[in-house]
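Asker:
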Amino acid sequence: MPKPRKMQVSLDATPYYHCTSRCVRRAFLCGYDALTNTDYEHRRQWVEDRIHLLAEVFCIDVCAYAVMSNHIHLVLHINQPKALALTAKEVCARWHRVYKGTLLTQKYEQTENLTDVELDAVAIKIELWRKQLFDISWFMRALNEPIARMANAEDHCTGSFWESRFSSQALLDEKALAACMAYVDLNPVRANMADTSENSIHTSIKLRVDQIASNQNQPKTLYPFVGNPRQPMPDGLPFKLADYLELVDWTGRAVRPDKRGSICQHLPPILTRLGIAPAEWLILTTQFEKRVSTFAGSENAIRLAAENLGYKKPPGISLARSLFV
10 MPKPRKMQVS LDATPYYHCT SRCVRRAFLC GYDALTNTDY EHRRQWVEDR IHLLAEVFCI
70 DVCAYAVMSN HIHLVLHINQ PKALALTAKE VCARWHRVYK GTLLTQKYEQ TENLTDVELD
130 AVAIKIELWR KQLFDISWFM RALNEPIARM ANAEDHCTGS FWESRFSSQA LLDEKALAAC
190 MAYVDLNPVR ANMADTSENS IHTSIKLRVD QIASNQNQPK TLYPFVGNPR QPMPDGLPFK
250 LADYLELVDW TGRAVRPDKR GSICQHLPPI LTRLGIAPAE WLILTTQFEK RVSTFAGSEN
310 AIRLAAENLG YKKPPGISLA RSLFV
């Protein structure tokens, strides 16, 4: 029986989560449907634009994403301190970029005079929105609902477009985070939709590479790479961008069909820092969803997270012992 969302997401365990949404039956999110002779490729841009908008609105950072033909992959970072630091006006303005809000909150944002009772009602609503701005369920809802409505309108139909809600996996340490991000960024390469990661359109890795190629800073709507862990640690991903790009490029070459799993002699230094053997890394980056159910990380990290969330039996222990040593 699936666990409720509150037993899968815990900031005490980790702020990083891998989320996936899939279409029902044969519904096409994007791509070309040979059965109906219909091209849905333009929908990829719908999804990507929405992801970037929500990254600006929510206090949830987008670490990686890939828009596939019938599903979406996201690696998200819950930024609770950012949400708690927002002023009431900032919370209101952010929420109104996605939802209408109420008549009172609209007047409040426009600095119209409100009575004390009305201000109290606005304050209650804004504190609720503040919590929802770092809630993964609300982020995924704000992403999936508009896409479903637009797709159904285009298809002249009604009913469910997405399969259930969305699946989520907790990424408990650096190894799990790096492996999952690479898994997501390389999804189009493994699906033969692109020959290299930099050519895989509508992915976070392409956006990062394009920014570097044009001598620009890291994308504002993606969680930045800030280098290896240190004190004080800036807000961002605990890797060097150059190391990660080298790792993704090496992994993409190693899992090519004509390579048959062969591994080149020159290994990316980041693998050594993370303490992951090349063979284990390739398993993680090609079979992450199949191997990981709820938690990804070391055995100690899984046991601690399971205890915090009230699990009687920690899931994924055997995987942790074999791949996250």
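Counting in this note's numbering, the sequence shown runs from 10 upward without gaps. Quick reminder that beta carbons are idealized off the backbone N, C-alpha and C, glycines included.
Are residue 87 and residue 145 closer than 8 Å when you measure CB to CB?
Answerer: Against a cut-off of 8 Å, the Cβ pair of residue 145 and residue 87 comes out as a contact.
Asker: Let me know if residue 94 comes out buried or exposed under the rule of 16 or more other beta-carbons within 10 Å of its beta-carbon.
Answerer: Residue 94 comes out exposed.
Asker: I'd like the list of long-range same chain contacts for residue 40, defined as Cβ closer than 7 Å, with 5 residues on each side in sequence excluded.
Answerer: The residues are 49, 50 and 78.
Asker: Excluding five sequence neighbours on each side, which residues of the same chain lie with their C-beta closer than 6 Å to the C-beta of residue 301?
Answerer: 178, listed in sequence order.
Asker: So the candidates are 63, 333 and 187; which of them puts its Cα closest to the Cα of residue 237?
Answerer: Looking at the Cα atoms, 187 is the closest of the given residues.
Asker: At 4 residues or longer, and completely inside the segment 108-156: list those alpha helix (DSSP H) runs for me, N to C.
Answerer: Entirely contained in the segment 108-156, the alpha helix (DSSP H) runs reaching 4 residues are, in chain order, 112-118 and 125-141.
Asker: Where residue 118 and residue 30 are concerned, what is the direct C-alpha to C-alpha distance, given to the nearest angstrom?
Answerer: Near 34 Å, if we compare the C-alpha coordinates of residue 30 and residue 118.
Asker: Let me confirm a value: residue 108 is counted as buried when at least 16 other C-beta atoms fall within 10 Å, else exposed. Which label applies?
Answerer: So residue 108 counts as exposed.
Asker: Helix, strand or coil for residue 324 per DSSP?
Answerer: Residue state, collapsed to three classes: coil.
Asker: Would you check if there are 3 or more beta carbon pairs closer than 8 Å linking the segment 138-152 to the segment 48-67?
Answerer: The segment 138-152, when compared against the segment 48-67, does touch it at the 8 Å Cβ threshold.
Asker: Under the three-state reduction of DSSP, which class applies to residue 173: helix, strand or coil?
Answerer: Looking at residue 173 - three-state DSSP - the assignment turns out to be coil, as it is neither helix nor strand.
Asker: Given this structure, state the Cα-to-Cα distance separating residue 68 from residue 137, to the nearest angstrom.
Answerer: In a straight line, the C-alpha of residue 68 is about 14 Å away from that of residue 137.
Asker: Using three-state DSSP, classify residue 27 as helix, strand or coil.
Answerer: Three-state DSSP puts residue 27 in a strand.
Asker: Kindly provide the ranges of any beta strand (DSSP E) runs that are 3 or more residues long and lie completely inside the segment 29-116, ordered along the chain.
Answerer: Listed in chain order, the complete beta strand (DSSP E) runs (minimum 3 residues) inside the segment 29-116 are 69-76 and 80-87.
Asker: Measuring CB atoms only, is the segment 277-295 touching the segment 187-202, in the sense that at least three cross pairs come out at less than 8 Å?
Answerer: Touching, per the Cβ criterion.
Asker: Rounding to the nearest angstrom, what Cα-Cα distance links residue 168 and residue 103 in this structure?
Answerer: If I take the Cα positions, the gap works out to 30 Å.
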